[in-house]
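If you read the protein sequences in the order shown, they are chains A and B. For reference, each letter of the first sequence is one residue, going 16 to 241 in our numbering. For reference, each letter of the second sequence is one residue, going 16 to 241 in our numbering. Even for Gly, the Cβ is constructed at its ideal location relative to N, Cα and C. Read the structure below first, then the notes.
Number of protein chains: 2
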Amino acid sequence: MARLPVYLRALHTLQERGVATVSSEELAAAAGVNSAKLRKDLSHLGSYGTRGVGYEVEYLVYQISRELGLTQDWVVAIIGVGNLGRALAGYGGFASRGFRVAGLLDADESIVGQEIAGMTVENIGRLEELIAERGVSIAVIATPAAAAQGVCDRVVAAGVTSVLNFAPVVLSVPDGVDVRKVDLSIELQILAFHEQRKAGGPGDYDALATGEAPPGTAHYVEAVDL
Amino acid sequence: MARLPVYLRALHTLQERGVATVSSEELAAAAGVNSAKLRKDLSHLGSYGTRGVGYEVEYLVYQISRELGLTQDWVVAIIGVGNLGRALAGYGGFASRGFRVAGLLDADESIVGQEIAGMTVENIGRLEELIAERGVSIAVIATPAAAAQGVCDRVVAAGVTSVLNFAPVVLSVPDGVDVRKVDLSIELQILAFHEQRKAGGPGDYDALATGEAPPGTAHYVEAVDL
DNA sequence: GCGACTTTGTGCGCGTATTCACAAAGGCTT
DNA sequence: AAGCCTTTGTGAATACGCGCACAAAGTCGC
């Protein structure tokens, strides 16, 4: 479940405050979800709370960490050390959650050799070698769009089956390989879409339905001005 | 729809290649979705293609851009100029899609005044002032977790109704305000979860069902070792 | 020790998203 | 001009996720 990490974070916050026990209602509020959904998620996970009391925070933290595989360390390589790659290399949230960055790679000779966040950037030519040597199991792709698919093919060929992609392209991978994508400009575009609807833009179907424009698709056709 | 930006990107790629016309099948493949879904999305949008031919790329680009509100410029402020804020400030994908970064703000006096990506970092004390003066409509929060909710409250009070949150907390906002969240470590945790399942970890329900462990919840209970 | 109260775990119904499959529609070839 | 072929647009079936609401279960107070 994609919500487990959110629960885990909320639980960590509670733990820091010294809270020992939490009800589904409280935890759901902290995680921003419905309490029934949370209980269902936790029950699918097999762990249980105590009726009339709630869940023991420490127990739940352990259970979820274990379910997510955070009881072991994951070795990550960051490929592409531009703006974003640099930020990722310096991002503290990785190390604190069991993700160890074991390599920074780039194709640009002027970047290779630089020291970033305590690591030396290495040449991407050694990609396969480094993946094997260091047991990299997750590849983070932060290259320009044009290079992403090629890099992806290489890491997959080298045996990596989990890829986090920041490049603005749809990566194609064989079955059995998981790709997650983070696209910053898409997030902004979605916000812009909603913002526009609030302001009654072209996406404002309600305005359409209430007669501010002729019914049917003519509304759109008329608006085109190429 | 959250898929429109993905279609738009695929269309831009096609446009660069000089493709004038595209079928739903081709575009769906490029965007990584089912072709029926793509056609339904596009039809909800009102635009149409030509049966027997497909969609005109240029026309579709215009239509989707317009639907997403990308025909106008959106003014963005980035709050929190740490690792991530810096990367965002220098990220080219914003400007090229109609998002204009109009301000970098931070609370740290040692950062205020620095020049990043051609902009001078300003003191967060002037937040409300700058939002009003420059017509900021989207706030990007890249502060530490502890500061995020406070910053969010301030930008919302200042009239911003769209927030992109990179801080690892669940922001609470009044109705009518849209928040989108990007959490890098959550993405990695989800990958780790799947990776572990491939390897037959605790989340491996198939192994459970095939008898590698006793049925029922006992499997989990026995494994606990606090 | 018992009763009232709290909270979990889950069966059920509902609305939405997704996919299949096909009829309508337009172009292209002959 | 007519028929064939391609591709859209969409009706219908399905799958999925979500949340309500309630019974079972366990605790706490008296």
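Other residues of its chain near residue i: CB distance less than 7 Å, five sequence neighbours each side excluded
i	result
PHE242 of chain A	Absent from the model: residue 242 of chain A. The displayed extent of chain A is 16 to 241, so no value can be given.
VAL194 of chain B	VAL178, ASN180, LEU186 and VAL188
GLY165 of chain A	none
ALA163 of chain B	ILE156, ASN180, ALA182, VAL184 and LEU186
MET16 of chain B	ASP56
Between the CA atoms of residue j and residue i - distance to the nearest angstrom
i	j	result
ALA25 of chain A	GLU71 of chain B	48 Å
CYS12 of chain B	ARG212 of chain B	Here chain B covers residues 16 to 241 and nothing more, so residue 12 of chain B does not appear.
GLU210 of chain A	VAL127 of chain A	42 Å
GLY64 of chain B	VAL171 of chain A	37 Å
LEU29 of chain A	ALA104 of chain A	28 Å
SER37 of chain A	ARG66 of chain A	Looking at the sequence itself, residue 37 of chain A is Val, so the reference to Ser does not match. So the two alpha carbons sit approximately 11 Å from each other.
ARG54 of chain B	GLU41 of chain B	11 Å
ASP121 of chain A	GLY140 of chain A	9 Å
ALA51 of chain A	GLY69 of chain A	13 Å
GLU325 of chain A	ASN138 of chain A	Residue 325 of chain A lies beyond the range of chain A shown here (16 to 241); nothing can be said about it.
GLU130 of chain A	LEU119 of chain A	10 Å
THR135 of chain B	ASN98 of chain A	18 Å
LEU241 of chain A	ALA161 of chain B	Here the model assigns LEU241 of chain A a pLDDT of 18, short of 50, so the residue's position is not dependable, and the following value carries that caveat. Distance between the alpha carbons of LEU241 of chain A and ALA161 of chain B is about 48 Å.
LEU57 of chain A	LEU23 of chain B	38 Å
ALA44 of chain B	ALA147 of chain B	43 Å
GLY108 of chain A	ARG112 of chain B	29 Å
SER39 of chain B	GLY33 of chain B	17 Å
SER62 of chain B	LYS196 of chain B	30 Å
LEU145 of chain A	LEU206 of chain A	39 Å
CB-CB length for residue i against residue j, believed under 8 Å
i	j	result
ALA110 of chain B	ARG149 of chain B	Actually they do not touch by this definition, with Cβ atoms about 15 Å apart.
GLN204 of chain A	LEU83 of chain B	5 Å
ALA102 of chain B	ALA102 of chain A	4 Å
Contact set for residue i: own chain, Cβ-Cβ below 6 Å, skip 5 residues either direction
i	result
VAL236 of chain A	Note that VAL236 of chain A has pLDDT 29, beneath the 50 cutoff, so the model's placement of it is unreliable and the number below is only indicative. Nothing listed; no residue qualifies.
LEU60 of chain A	GLU82
GLY100 of chain A	ILE93 and ALA157
Residue environment, residue i, which counts as buried when at least 16 other CB atoms sit within 10 Å
i	result
PRO159 of chain A	exposed
GLU202 of chain A	buried
ASP198 of chain A	buried
VAL155 of chain A	buried
ASP221 of chain A	Here ASP221 of chain A scores only 42 on pLDDT, less than 50, and its place in the model should not be relied on; the value that follows carries that caveat. When all chains shown are included, ASP221 of chain A counts as exposed.
GLY133 of chain A	exposed
GLY95 of chain A	buried
Cut-off 8 Å between Cβ atoms - residues of its own chain near residue i, not counting five sequence neighbours on either side
i	result
VAL21 of chain B	ALA46, GLY47 and VAL48
GLU143 of chain B	ARG169, ALA172 and ALA173
HIS27 of chain A	VAL76
THR176 of chain B	SER152, GLY191, VAL192 and ASP193
GLU73 of chain A	GLN30 and ALA35
heavy atom of the ligand FMN below 7 Å from residue i C-beta
i	result
ALA182 of chain A	The ligand FMN is not part of the structure shown, which contains no ligands of any sort.
Reference residue i; option with closest CA among the options
i	options	result
GLU31 of chain A	A:ILE153, A:VAL151 and A:VAL76	A:VAL76
ARG18 of chain B	B:ILE146, B:ALA207 and B:SER80	B:SER80
TYR106 of chain B	A:SER200, A:ALA214 and A:ALA207	A:SER200
PHE208 of chain B	A:ALA43, A:ILE146 and A:GLN78	A:GLN78
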